[in-house]
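Numbering (the numbering used here), first residue to last: 8 to 169.
All remarks here apply to the structure that follows.
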């Protein structure tokens with residue numbers, strides 16, 4: 008059974024700072040999954056076999072299954088915290104932290120394999136992540152960092168008031 012408390016706190020924090028209404032978390036410990044939902048969509052993190060799988064529902068109710076996969080819970084945390092904080096940072100006019108990471112290209116310490124066009128398998132000492140597009144380049148730089156360091160990074164220079 009996983010501890011979703013860090014993710015739940017981040018979802019509530021960043022959703023609130025983004026102006027996303029009705030953010031809540033539903034934890035299903037029996038099935039080792041959590042749903043981070045709001046009026047504008049949801050993220051469902053499922054533990055299946057050896058992988059953590061992410062399903063997303065957008066603001067129009069369209070469901071997108073298996074949008075990212077992770078070999079460890081920590082990698083899923085990093086990905087989701089980065090995603091949610093990036094939306095809030097954009098909504099609040101804070102500095103875009105991903106631009107410099109993207110401009111640097113893939114982290115040379117991470118093995119990168121394009122599985123299908125635009126879908127990348129990233130492998131490092133921290134584990135494996137399968138993610139798409141621009142996020143793959145950015146996550147390659149974050150995946151070996153402790154979750155706490157990613158939380159500190161996304162909070163840097165961010166307005167504290169809502």
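Glycine included, each C-beta is placed from N, C-alpha and C at the ideal position.
query                                                                                                      : result
From the DSSP output, read off the bridge partner residues of residue 42.                                  : 33 and 51
What is the DSSP secondary structure of residue 112, reduced to helix, strand or coil?                     : coil
Which value, in whole angstroms, describes the spacing of the CA atoms of residue 64 and residue 71?       : 6 Å
Check the DSSP bridge columns for residue 127 and list the partner residues they point to.                 : 121 and 138
From what residue to what residue does the beta strand (DSSP E) around residue 162 run?                    : Taken as a continuous stretch (DSSP letters only), residue 162 belongs to no beta strand (DSSP E), being part of the alpha helix (DSSP H) at 154-162.
If you draw a straight line from the C-alpha of residue 100 to the C-alpha of residue 164, how long is it? : 11 Å
Is the beta carbon of residue 69 sitting closer than 7 Å to the one on residue 39?                         : no
For residue 37 versus residue 11, is the C-beta distance shorter than 7 Å?                                 : no
Does DSSP classify residue 76 as helix, strand or coil?                                                    : strand
Have a look at residue 141 and residue 89 and give me their C-alpha separation to the nearest angstrom.    : 13 Å
Reducing DSSP to helix, strand and coil, say where residue 151 ends up.                                    : coil
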